[in-house]
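Below is one structure, written out as structure tokens; the observations come after it.
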Amino acid sequence: MRLDPRVLGYLGRALSHEYGAVQQYLTHAGLAAAWGLETGAARLREEAREELDHAERLTARLLDLGAMPGASRLRPVRAGTSLQALLEADRVLEAEALALYREAAEHSARVGDTVSAELFAALYEEERAHARVLAEWIDELRAAPAAGDIET
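Offset between the sequence shown (1-based) and my numbering: plus 19.
Rendered as structure tokens:
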């Protein structure tokens with residue numbers, strides 16, 4: 020298989036995205052902890068660990084292709100003043116990942132890089148699950164009194 024430069028580009032963008040997601044989830048976990056929302060902070064730390072796993076898998080794929088990983092564009096953290104606002108920012112992050120992974124999987128399959136296509140498709144499904152969990156969590160907060168300020 021010939022190495023496709025766009026696949027490398029997608030892998031690099033994805034790696035930057037995942038490291039940015041780790042940074043955002045850890046920041047949000049720290050804010051939630053500072054607000055006394057320990058359960059929420061623990062859930063956000065777990066999300067950060069899952070995003071780090073994604074980064075590890077992307078790094079491994081880049082190395083398999085003989086490319087040196089380099090996450091050069093970390094996005095700024097989007098914060099908020101309540102747990103619900105943090106989760107809304109995280110939902111935007113997950114939507115961006117879904118769009119990236121769908122496009123990357125389609126391109127990788129089109130150029131015959133089945134290993135990268137399968138990786139991107141798996142990451143897409145995992146991010147889709149993250150997005151579903153975030154949507155459910157946000158719905159729980161909206162339904163609760165003093166939305167965004169409870170321990171969920």
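Idealized CB from N, CA, C, for every residue including glycine.
Owing to the predicted nature of the structure, the values given are computational and were not obtained by experimental measurement.
Thr133 to Ala163, Cα distance in whole Å?
-> Taking the straight line from one Cα to the other gives about 45 Å.
Residue range of the alpha helix (DSSP H) that includes Arg97 = Per DSSP, Arg97 lies in no alpha helix (DSSP H) segment and is marked neither H nor E.
To the nearest angstrom, how far is it from the Cα of Thr100 to the Cα of Arg110?
-> So the alpha carbons of these two residues sit roughly 16 Å apart.
Straight-line Cα distance separating Arg68 from Ala74 | The alpha-carbon atoms of Ala74 and Arg68 are separated by roughly 10 Å.
Taking Thr46 as the reference, give the member of Leu63, Ser127 and Leu81 with the closest Cα.
-> Of Leu63, Ser127 and Leu81, the residue nearest in Cα terms is Leu63.
Ala173 (DSSP reduced to helix, strand or coil) | One cannot answer for residue 173 here, as it falls past the ends of the chain, which runs 20 to 171.
Segment limits, alpha helix (DSSP H) that includes Ala163 | Per DSSP, Ala163 belongs to no alpha helix (DSSP H) and is neither H nor E.
Tell me whether Arg80 is buried or exposed, calling it buried when 16 or more other Cβ atoms sit within 10 Å of its Cβ.
-> Counting the other Cβ atoms within 10 Å of the Cβ of Arg80 gives 16 or more, which makes it buried.
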